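Chemist:
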Amino acid sequence: MADEPTIARSTKFFRSDVGRKDWMEFVKGVAIMMVVLYHTMLFLRSIEYEGGGMGRAKIVLELFPMPAFLLISGMFHFRVVQWTFADTWKRRLSGYLYLYVLWSAIRFFFYLIVPNVRSADGAGASANDPLALLGILGWPISSYWFIYALFVFTLLTWLGRKLPAWVQLAVAGIISVLFSAGLVDTHNVGWDRMGEYLIFFIAGVLLSKPIGLAVHRAKLWHVIVLLVGFLAVSVTLAFLPIANRIPGVVLAGQVLALGFGFTAAVRLVTLRALTWVGYVGSRSLQIYLVHVFVIAGLVALVQEVPVLRVLPGRGFIVLFTVATLVVLISLLLSRVLGKSKWLFVSPIRTRPSKSRHRRGSQRSAAQPAKRPVALPAEPLEEHPDQQPRGSVSRRSS
């Protein structure tokens with residue numbers, strides 16, 4: 003009886019309904035908010051709105067979000083190596099390609115209609131160039147390169163499925179080091195980012211189970227050590243720019259950031275006060291697709307308000323205020339747009355392969371086969387056999 007009050011107090015602050023994979027939604031929530039913060043910073047700088055330390059913050063913000071997205075995405079693509087190309091195309095590649103082309107076109111028309119908004123999401127003057135839009139498969143021109151990266155990485159994973167794991171990891175690691183240190187430069191943000199982050203997707207595919215076990219088995223002292231290491235590399239990169247050119251330093255910072263972020267998320271996701279982070283993470287696709295347009299609109303308003311340029315500490319105040327509004331507006335906007343499912347999920351429905359059809363034909367006549375449903379082609383897909391909570395394909399929220 004003496005323990006009951008203690009239990010009551012603990013359940014008031016901690017959740018008891020946390021699943022083994024809920025920490026991934028938490029990571030996705032943190033990562034997408036960091037992406038919004040990063041892009042907000044780029045747009046503010048594009049209108050020559052600078053704040054002390056924003057440049058250094060940009061360096062740190064590059065270490066965690068995209069590596070986290072791609073590592074988790076890879077962890078849920080581990081079965082791709084067991085599929086035929088037809089299955090891989092229908093269940094993954096076609097959906098990614100559909101979303102990439104669709105939203106690149108939407109982005110093009112947005113900047114065509116709103117020419118006074120300067121594009122700072124990687125395209126610059128090509129934002130409303132028809133020729134640039136036609137060449138997006140060979141020359142990614144916007145922040146939607148990430149969806150195209152999922153297409154490219156999934157295809158590479160399938161093509162290299164027969165190679166030993168160590169060969170795939172070694173090649174991906176070398177490529178990532180070369181790109182992250184600036185030793186290889188394609189002069190295209192999309193391809194450069196793909197080269198830098200390839201290792202994380204491949205590692206997710208090949209090491210999904212070891213990574214999951216390590217995250218759950220990590221002790222508190224592991225979290226602290228990873229945090230110290232991450233902070234040390236972050237400070238070095240922020241205040242010693244030449245460190246970015248040393249092969250392996252950026253990759254080490256990214257690995258430490260992921261290690262700390264993942265192990266901390268397992269603990270933080272149990273806090274009731276942070277439940278909203280998982281909610282944001284479950285809608286990371288929708289936020290990712292619409293947030294650039296919201297940022298462009300809000301930054302255009304900031305540009306027209308001179309008083310914001312004389313606020314004390316205006317850089318970070320405006321940055322965090324705009325980023326917060328972007329997340330909230332993006333969530334509301336996605337609820338409205340969610341009624342049109344084709345904006346977030348390919349309308350092309352997959353058909354079962356011959357092997358699956360044969361298995362289905364053996365079912366009892368009293369147990370009718372379920373109609374196949376296309377998985378959402380989102381940056382952070384869940385397990386191939388189950389859909390994520392909050393997925394647009396399950397409900398148009």
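Each residue of the sequence shown is one higher than the one before, starting from 3 at the first, in the numbering used here. Heads up, the beta-carbon is just placed ideally off N, CA and C, and yes, glycines get one too. Small disclaimer: the values here were computed from a predicted structure and weren't measured.
Beta carbon of Leu253, beta carbon of Val179: below 8 Å?
Modeler: Yes. Within cutoff.
Chemist: Candidates Met36, Lys30, Pro69 and Glu50: which alpha carbon is nearest Ser182's?
Modeler: Here the closest residue by C-alpha is Pro69.
Chemist: Taking Cβ positions, are Phe203 and Phe155 nearer each other than 8 Å?
Modeler: Closer than 8 Å, so yes.
Chemist: Whole-angstrom Cβ separation of Thr42 and Ile289, contact assumed at under 8 Å?
Modeler: The pair is not a contact, with the Cβ atoms about 13 Å apart (cut-off 8 Å).
Chemist: Nearest CA to the CA of Leu133: which residue from Phe112, Ala107, Phe148 and Ile115?
Modeler: The shortest Cα separation from Leu133 among Phe112, Ala107, Phe148 and Ile115 belongs to Ala107.
Chemist: How about Ile49 and Val329: do their beta carbons lie closer than 8 Å?
Modeler: No, they are not a contact pair.
Chemist: How big is the Cα-Cα spacing for Asp187 and Asp194?
Modeler: So the two alpha carbons sit approximately 6 Å from each other.
Chemist: Give the straight-line distance between the Cα atoms of Ser96 and Ile176, rounded to the nearest whole angstrom.
Modeler: The alpha-carbon atoms of Ser96 and Ile176 are separated by roughly 29 Å.
Chemist: Helix, strand or coil for Leu180, going by three-state DSSP, please let me know.
Modeler: Looking at Leu180 - three-state DSSP - the assignment turns out to be helix.
Chemist: Ignoring anything shorter than 3 residues or poking outside the region 151-179, list the beta strand (DSSP E) runs there in chain order.
Modeler: With a minimum length of 3 residues, no continuous beta strand (DSSP E) run stays inside the region 151-179.
Chemist: Check Asp273 in the structure and name its three-state DSSP category.
Modeler: Inspection of the sequence shows that residue 273 is occupied by Leu rather than by Asp. It is a strand residue.
Chemist: Which two residues bound the contiguous alpha helix (DSSP H) that contains Phe346?
Modeler: Element bounds for Phe346: n/a, residue is neither H nor E.
Chemist: How many whole angstroms separate the CB atoms of Trp105 and Leu291, which I take to be in contact at a CB cut-off of 8 Å?
Modeler: Yes, they are in contact, since the Cβ atoms of Trp105 and Leu291 sit about 5 Å apart, within 8 Å.
Chemist: Pick out whichever of Ala59, Lys23 and Met26 has its Cα sitting closest to the Cα of Leu39.
Modeler: The shortest C-alpha separation from Leu39 is found at Ala59.
Chemist: So Ile108 is in the alpha helix (DSSP H); what residue range does that whole segment cover?
Modeler: Ser96 to Ile115 is the extent of the alpha helix (DSSP H) around Ile108.
Chemist: According to DSSP, is Phe322 helix, strand or coil?
Modeler: DSSP places Phe322 in helix when its eight states are reduced to three.
Chemist: Grab me the residues of Ala267's own chain with a C-beta within less than 6 Å of its C-beta, minus the 5 sequence neighbours each way, in chain order.
Modeler: Within the same chain, Ala267 has close Cβ partners Trp25, Phe28 and Val29.
Chemist: Compute the beta-carbon to beta-carbon distance between Ile61 and Ala240, rounded to the nearest angstrom, for a pair I have assumed lies under 8 Å.
Modeler: Between Ala240 and Ile61 the Cβ distance is about 5 Å, and since that is below 8 Å, they are a contact.
Chemist: Our contact map puts Phe153 next to Tyr98 with C-beta atoms below 8 Å; I'd like the distance itself, whole angstroms only.
Modeler: Yes, Phe153 and Tyr98 are in contact; Cβ-Cβ is about 4 Å, under 8 Å.
Chemist: Find the nearest neighbour of Val116 within the set Val338, Phe295 and Ile201, judged by alpha-carbon distance.
Modeler: Closest by alpha carbon: Phe295.
Chemist: Return the first residue and the last residue of the alpha helix (DSSP H) that Phe241 is part of.
Modeler: Run containing Phe241: Leu222 to Phe241, per the alpha helix (DSSP H) assignment.
Chemist: Classify Phe111 as buried or exposed, calling it buried when 16 or more other Cβ atoms lie within 10 Å of its own Cβ.
Modeler: Exposed: under 16 other Cβ atoms inside 10 Å.
Chemist: Using DSSP's beta-bridge definition, name the partner residues of Phe78.
Modeler: Answer is none; Phe78 lacks a bridge partner.
Chemist: Three-state secondary structure (DSSP) at Leu303?
Modeler: Leu303 falls in the helix class under three-state DSSP.
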